[in-house]
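Protein chains in written order, with full-length UniProt numbering: chain A, 1 to 333; chain B, 1 to 349.
Structure, as structure tokens:
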Amino acid sequence: MIDRELTMSRAIVEAIGSEMRENEEVFYMGEDVADYGGIFDSTQGLLEEFGYDRIMDVPISETAYLGAAVGAAQQGMRPIAELMFVDFFGVAMDQIYNQMAKNTYMSGGSVSVPMVMTTAVGGTYSDAAQHSQTLYGTFAHLPGMKVVVPSTAYDAKGLMHNAIRDDDPVVYMYHKRLMGLGWLPAPAGPKTPVPEEDYTIPFGKADVKREGSDVTVVTLGLHVHRALDAAESLADDGVDVEVIDLRTLVPLDRKTVVESVEKTGRLVVVDEDYRSFGLSGEIVSAVADEALDSLEAVERVAMPDVPIPYARELEHEVQPDASDIETAVRNVR
Amino acid sequence: MPSVERLRALYADMVTARYYEERLQEEYLEGKQPAFDISAGPIPGELHLAAGQEAAAVGVCHHLRDDDVVTAPHRPHHVAIAKGIDLKRMTAEIFGRDTGLCSGKGGHMHLFDPDVNFACSGIIAEGCPPAVGAGLAAKKRNTDSVAVAYLGEGAIDQGGFFESLNFAAVHDLPVVFVVEDNDWAISMPQERVTDVESADTRADGFEMDGIRVDHDDAVAVYEAAAEAVGRARDGNGPTILSVQVHRRMGHFMGDPQSYRSDEDQEAALDRDSIERMEAHLRDHGLDDDDLGAVRAEAHQRVDDAIAWAKDQPKPDPDDAYEHVFTNPPSGVTDTEPDFDLAETGGEGE
């Protein structure tokens, strides 16, 4: 029995601190990660223990420092580099997808890039189209990066240990609304018991966050909690929802999803990323490939193909919430 | 030295911008206290205030016409006001209202007013390439309009800035890069991210002119900008104009600034460009009554804008789907197509 609960940010920091203590080659760099402790508390307290050499503030030059992380990783170090908002990927995408993601392949496996790129995703607080995206699909679509999306503090710690130890580039995407920030209240779900000792959660293993027999809801990140809220509400009406948290997109645990749909026959995919050409289509396609006979009905609940609007009424309209999930589940019943 | 009328106009825009920020701060904090919750209150989202940076805005923009283009960064209000943006509709946008400049879609970091050719962006230094493009358009069309890209000193290490400098220089484009040096990029002081003391020296590597204004004196900025804007308007190419300003507040509303010493914050508060401007005006014979009259008019304008904005309708949620394209292609506007395997038994429409 674990008697302490951590916020997701504390769990992430604990894993990073432990890996840095174990391995001199691990270091962290990004904008405002040292004195500030990370705008989203991703490095809170690490400067005091490790100093500026290992918790490095960098110039606002994403191309340079993300590319530098690639270079250091290719020398065998284990950098963690933070892209403050995922929306900023555009200024450095060449280093991310032409170098970080491809060098292992292009070198015929003679080079590896053991780095972690952490980045904040998600909306829900009216920060408009350049600071609110949830670009899961963009990174999962381009080959060569492992893509991790925790939804709870427990998962966040185990996945971070695994990410730092992994010999490949890992994109670790944390949702701002789940971190437990003072200025952006989190739902209750992500704060969980977390063991003090190190542990890893393997990539490619989805977690069934709620078992059910009627409808399978597949989701990740913030929307795990919204799906669980919807499931509780639906349970009152006798609808038994299974909620699958993918936890990683690359590798993707298609097996757990397919087995669940074979049991329930009905699939709802929930994604805060854009609807078209992304995760929701991928999941539906995976189920259609392997369990078409079992599939009686399917719905997708995702961000429509519009940039994220600023005004609260507009963002609320496009941002999938628990009631949207509930409606979708009822539609497939 | 600018004329008395010009000095008075500079001052009017400075006090408008300062009071506007003070009023926005009050409105922003409503409903967010005692525990600061960024997603609560009448003004949603992040808010980056520019108090202390007014001199850089008015000193440059008072050389500009409506057909001159300005791109500003995420801290845009003072520049927007100096460029002559529609204050009421800007305010409505910040409150997320339907009649805002951007129909509630952009918010405070993404304001667009094509009537005065003002735009801003939330991504650091990313206003530089579009300003270069505006300069390119002016040159191709053989007009004498100019483009001004504003950026902070934290953005001068960004790739987009360097590439823009080179492009503007090699094509002799009418662009002025205005670096507002407020000493802080969120928590990072300049000396920890660059070995260059001043942004204007970045010009050296591009065969370009660089000008530094060491203090936030609006008149000094106005005179330096006369040279930079004049050079652009006369077809003699781009300039970097670096202006020392002071960040009186946190990077964003809610920033606890624990990385910043009390002395530094107090020093920023002590050096007030508005007081400096008042001294200029007194040198030109204006008295307290004259200054008070300018301030009163500015405050009234701000109060009117805020009152008007708060009275504006909120957007219709269905409008979230509008404006993805100017010319929406048929077939893609339906973003939520319904399909259900259980219902695909062959019944066509």
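Where a beta carbon is used, it is the ideal one built from N, C-alpha and C, also for glycine.
List, in order along the chain, the chain A residues whose C-beta lies closer than 8 Å to that of residue i?
i, result
"residue 163 of chain B", "Within chain A, no residue comes near residue 163 of chain B; the closest Cβ sits about 10 Å away, beyond 8 Å."
"residue 276 of chain B", "Ordered by position in chain A, no residue passes the 8 Å Cβ test against residue 276 of chain B, which lies about 29 Å from the chain."
"residue 46 of chain B", "127, 131"
"residue 186 of chain B", "31, 32, 36, 39"
"residue 38 of chain B", "125, 183, 184"
In or out: residue i buried (at least 16 other Cβ within 10 Å) or exposed?
i, result
"residue 21 of chain A", "exposed"
"residue 17 of chain B", "buried"
"residue 293 of chain A", "exposed"
"residue 138 of chain A", "buried"
"residue 236 of chain B", "exposed"
"residue 130 of chain A", "buried"
"residue 321 of chain B", "buried"
"residue 2 of chain A", "exposed"
"residue 158 of chain A", "buried"
"residue 178 of chain B", "buried"
"residue 4 of chain A", "exposed"
"residue 229 of chain B", "buried"
"residue 50 of chain A", "buried"
"residue 188 of chain A", "exposed"
"residue 91 of chain A", "buried"
"residue 310 of chain B", "exposed"
"residue 109 of chain A", "exposed"
Under DSSP, the beta strand (DSSP E) around residue i begins and ends at which residues?
i, result
"residue 118 of chain A", "116 to 121"
"residue 175 of chain A", "170 to 175"
Using C-beta distances below 6 Å, list every residue in its chain close to residue i, excluding the 5 sequence neighbours before and after it, in chain order.
i, result
"residue 254 of chain A", "286"
"residue 4 of chain B", "284"
"residue 6 of chain A", "153, 194"
"residue 213 of chain B", "220, 221, 224, 243"
Given a cut-off of 8 Å on the beta-carbon distance, is the pair residue i and residue j in contact?
i, j, result
"residue 324 of chain A", "residue 275 of chain A", "no"
"residue 135 of chain A", "residue 148 of chain A", "no"
"residue 268 of chain B", "residue 59 of chain B", "no"
"residue 165 of chain B", "residue 125 of chain B", "no"
"residue 332 of chain A", "residue 266 of chain A", "yes"
"residue 116 of chain B", "residue 83 of chain B", "yes"
"residue 180 of chain B", "residue 132 of chain B", "no"
"residue 147 of chain B", "residue 159 of chain B", "no"
"residue 213 of chain A", "residue 96 of chain B", "no"
"residue 38 of chain A", "residue 82 of chain A", "yes"
"residue 161 of chain A", "residue 222 of chain A", "no"
"residue 144 of chain B", "residue 113 of chain B", "no"
"residue 247 of chain B", "residue 182 of chain B", "yes"
"residue 123 of chain B", "residue 107 of chain B", "no"
"residue 55 of chain A", "residue 73 of chain A", "no"
"residue 281 of chain B", "residue 8 of chain B", "yes"
"residue 146 of chain A", "residue 218 of chain A", "no"
"residue 80 of chain A", "residue 118 of chain A", "yes"
"residue 48 of chain B", "residue 252 of chain B", "yes"
"residue 370 of chain B", "residue 38 of chain B", "In the structure as shown, chain B begins at 1 and stops at 349. Residue 370 of chain B is therefore absent and cannot be evaluated."
Where does the unbroken alpha helix (DSSP H) through residue i begin, and where does it stop?
i, result
"residue 102 of chain B", "Element bounds for residue 102 of chain B: n/a, residue is neither H nor E."
"residue 327 of chain A", "322 to 332"
"residue 129 of chain B", "128 to 141"
"residue 88 of chain B", "87 to 94"
"residue 79 of chain B", "77 to 83"
"residue 265 of chain B", "262 to 270"
"residue 310 of chain B", "288 to 310"
"residue 97 of chain B", "Counting along the chain, residue 97 of chain B falls outside any alpha helix (DSSP H), and DSSP gives it neither H nor E."
"residue 13 of chain A", "8 to 22"
"residue 177 of chain B", "Here residue 177 of chain B belongs to no alpha helix (DSSP H); instead the beta strand (DSSP E) covers 175 to 181."
"residue 118 of chain B", "Run containing residue 118 of chain B: none in the alpha helix (DSSP H); it sits in the beta strand (DSSP E), 118 to 120."
By the criterion of Cβ-Cβ separation under 9 Å, what are the contact partners of residue i in chain A?
i, result
"residue 110 of chain B", "128, 129, 130, 310"
"residue 28 of chain B", "Near residue 28 of chain B there are no residues of chain A at all, since even the closest Cβ is about 12 Å away, more than 9 Å."
Below 7 Å on C-beta distance, what does residue i contact in chain B?
i, result
"residue 260 of chain A", "Here the premise fails: no neighbours, minimum Cβ distance about 16 Å."
So which residues on chain B does residue i lean against when the C-beta distance must stay under 9 Å?
i, result
"residue 277 of chain A", "Within chain B, no residue comes near residue 277 of chain A; the closest Cβ sits about 12 Å away, beyond 9 Å."
"residue 166 of chain A", "In chain order: nothing, as chain B lies at least about 28 Å away."
For residue i, which residues of its own chain have a beta-carbon under 8 Å away from its beta-carbon, when the five flanking residues on both sides are left out?
i, result
"residue 250 of chain B", "256, 257"
"residue 350 of chain A", "Residue 350 of chain A lies beyond the residue range present for chain A, which begins at 1 and ends at 333; the question has no answer from this structure."
"residue 339 of chain B", "In this predicted model, residue 339 of chain B has a pLDDT of only 49, less than 50, meaning its place in the structure is not dependable enough to derive any value."
"residue 10 of chain B", "2, 58, 59, 62, 218, 219, 222, 277"
"residue 256 of chain A", "205, 206, 208, 244"
In chain A, which residues lie with their C-beta within 7 Å of the C-beta of residue i?
i, result
"residue 192 of chain B", "57"
"residue 320 of chain B", "306, 309, 314, 317, 318"
"residue 305 of chain B", "None at all; the shortest Cβ gap to chain A is about 18 Å."
Leaving aside the five residues before and after residue i along the sequence, list all residues of the same chain whose C-beta is less than 7 Å from its C-beta, in chain order.
i, result
"residue 280 of chain A", "269, 271, 300, 302"
"residue 207 of chain B", "169"
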